[in-house]
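S.K.:
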Amino acid sequence: MYYFISEQYRQRSMANRGEIFPMRIRVIGAPIDLGADRRGVDIGPRAIRYAGLIDQLHRLGHSVNDVGNINIPLPENQPTGNPRLKYLEPITNLAVELSDMVSDALQSEEFPLILGGDHSMSLGSISGVARVHKDVGVIWVDAHADFNVEGTTPSGNIHGMILAALAGIGNEHLVNVGGWAPKIDKNKIVIVGARDLDTGEQELLRKHNIHVFTMSDLDRRGISYVMQQAIEIAGANNGPIHLSLDMDSLDPREAPGVGTPVRGGLSYREAHFAMEMIAETQRMVSMDVVEVNSILDRENTTAQLAVELTLSALGKKIL
Ligand SMILES: NC(=[NH2+])NCCC[C@H](N)C(=O)O
Ligand SMILES: [Mn+2]
Ligand SMILES: [Mn+2]
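Residue numbers (our numbering): 48 to 366.
#1: Can you give the Cα-Cα distance for N129 and N223, rounded to whole angstroms?
#2: Classify S271: buried if its beta carbon has 16 or more other beta carbons within 10 angstroms, exposed otherwise.
#3: Using a Cβ-Cβ cutoff of less than 8 Å, which residues in the same chain neighbour P299 once the five nearest sequence positions on both sides are dropped?
#4: Excluding the five sequence neighbours on either side, which residues of its own chain have a C-beta within less than 6 Å of the C-beta of P78, listed in chain order?
#5: Rounded C-beta distance between K133 and G203? I'm assuming under 8 Å.
#6: How close, in whole Å, do the beta carbons of Q103 and V336 come, if the pair is a contact with beta carbons under 8 Å?
#7: Under the criterion of a Cβ to heavy atom distance below 7 Å, does A212 qualify as lining ligand 3?
#8: If you measure from the CB of T367, is any heavy atom of ligand 3 nearer than 7 Å?
#9: Determine the closest residue to A212 out of S169, V179, H180 and D245, with distance taken between C-alpha atoms.
#10: In terms of residue numbering, what span does the beta strand (DSSP E) encompassing P78 cover?
#11: When the Cα atoms are used, what is the spatial distance from Q154 to V111?
#12: Return yes when at least one heavy atom of ligand 1 lies under 7 Å from the C-beta of H206, else no.
#13: Give me, in chain order, the residues of the same chain whose beta-carbon lies closer than 6 Å to that of F260; leave out the 5 immediate sequence neighbours on both sides.
#14: Could you spell out where the beta strand (DSSP E) holding F158 opens and where it closes?
#15: Write down every uninterrupted run of the beta strand (DSSP E) in the region 149 to 203 whose length is 3 residues or greater and which is fully enclosed by it, in chain order.
#16: How many whole angstroms separate the CB atoms of D293 and V188, which I take to be in contact at a CB cut-off of 8 Å?
#17: Taking only the alpha-carbon atoms, compute the straight-line gap between D147 and G175 and give it to the nearest angstrom.
#18: Checking the sheet assignment: what are the DSSP bridge partners for T246?
#19: To the nearest angstrom, report how far apart G198 and D243 are at their CA atoms.
#20: Could you check what DSSP says for R253 in three-state terms: helix, strand or coil?
#21: If the criterion is Cβ atoms closer than 8 Å, does the pair A192 and G171 meet it?
#22: If you run the structure through DSSP and keep just helix, strand and coil, what is Y272?
#23: Under 7 Å: does the beta carbon of P92 sit that close to some heavy atom of ligand 1?
#24: Going by C-alpha to C-alpha distance, which of K233, G269 and L107 sits closest to L361?
#25: Relative to ligand 3, what is the chain-ordered list of residues with a Cβ closer than 5 Å to any of its non-hydrogen atoms?
#26: Roughly how many angstroms separate the alpha carbons of L121 and I205, rounded to a whole number?
#27: Using only alpha-carbon positions, find the residue among S341, N218 and R71 that is nearest to A94.
#28: Is D84 near ligand 2, going by C-beta to nearest heavy atom under 7 Å?
#29: Would you list the residues sitting across from H289 in a DSSP beta bridge?
#30: What separation, rounded to the nearest whole angstrom, lies between the Cα atoms of D80 and A350?
#31: Measuring only from the beta carbon, is T200 closer than 7 Å to any heavy atom that is part of ligand 1?
#32: Using three-state DSSP, classify D344 as helix, strand or coil.
#33: Mind checking R59: buried by the 16 CB within 10 Å criterion, or exposed?
#34: Do you know offhand how far E123's Cα is from K181's?
Here it is, written out as structure tokens:
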């Protein structure tokens, strides 16, 4: 079975050598940092644009509609609320707004590219995609699983709970954002690059049989095998795929500008190849790039890498 699919990919990528599939891309900035402890991811969308995102997408042959950033309230002006679910209210408010923006982009036949911000913004982006593509699967590339709930979180930071919420697990306000749940079929969720899971989170992942490819799996099987499997699971029956790229999936030597760095991550080439494989499928319908923390970054390196990886995911090839 998987030989058949890999043969298909091979032929498709051969056929497209040197050409890209031109798309209309709608760029949406979600400079939220309420889901994480470290201030600095709120500059992420600006840093990614500054690193040349729009211009390079144009050069690749795409057309781009950059609608700017969503307004996010400052943490200083917000009550923290429940310490196990910090800033729940403004985070769910943003999710509703972003969800509308993302489904609107898709209805206008534009590809939503959402720039974070911390990973809590994916509650909105993925809800918006799932409203239009009911069968969408998610490839979550991350050092973390973001599968905590109120009772397992070590930090109270909601960015560590978002994937569980999308699968219908956790606090009802997070789970039912927009008035419906679950957003994603948990059998179509795949985590790639995991290496820092909390104890209660591990139990939840096992209990719900979530597909997780850890860094050990990657060492054992290689990025090509892992991504092939990830694409088959998230994109079952040739279905649509959403990619959520947390920049802390990369090794901190490549991506120092993230709030929660963990050693032993994806290499530069592994990350690019993963993106290239997703591009080859031509089934990605939307993408998030999150957790670029400019205060911790070195000369915008992480934002530049975010741009490079986005280009690979959107069709850039070496030859
Ligand atoms: N999107 C992220 N960077 N998440 C980090 C989560 C870290 C930790 N597991 C927590 O729940 O607090
Ligand atoms: Mn994350
Ligand atoms: Mn992470």
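From the three backbone atoms N, C-alpha and C, an ideal C-beta is built for every residue, glycine too.
M.R.: By the coordinates alone:
#1: 18 Å
#2: By the 16-neighbour rule on beta-carbons within 10 angstroms, S271 is exposed.
#3: V305, P308, V309, R310 and G312
#4: D89, P92, N116, I119 and G164
#5: 5 Å
#6: Rounded, the Cβ-Cβ distance is 13 Å, inconsistent with contact.
#7: Checking the Cβ of A212 against ligand 3 gives no.
#8: Residue 367 lies beyond the residue range present for the chain, which begins at 48 and ends at 366; the question has no answer from this structure.
#9: S169
#10: Segment: none, P78 is in no beta strand (DSSP E) and carries neither H nor E.
#11: 16 Å
#12: yes
#13: V239 and V273
#14: Element bounds for F158: F158 to G163.
#15: 158 to 163 and 184 to 188
#16: 6 Å
#17: 6 Å
#18: Note: T246 sits in no beta bridge, so no partner.
#19: Each residue's alpha carbon lies about 18 Å from the other.
#20: It is helical.
#21: Taking C-beta atoms as the reference points, A192 and G171 fail to come closer than 8 Å.
#22: Secondary structure at Y272: helix, using DSSP grouped into helix, strand and coil.
#23: no
#24: Selected option, being the one with the closest Cα: L107.
#25: D189, A190, H191, D293 and D295
#26: 16 Å
#27: S341
#28: Incorrect: D84 has no Cβ contact closer than 7 Å to ligand 2.
#29: Paired residues: V185 and S333.
#30: 16 Å
#31: yes
#32: If DSSP states are grouped into helix, strand and coil, D344 belongs with coil.
#33: Legend: pLDDT at R59 = 47, less than 50; position of this residue unreliable, value from coordinates given subsequently. Result: exposed.
#34: 37 Å
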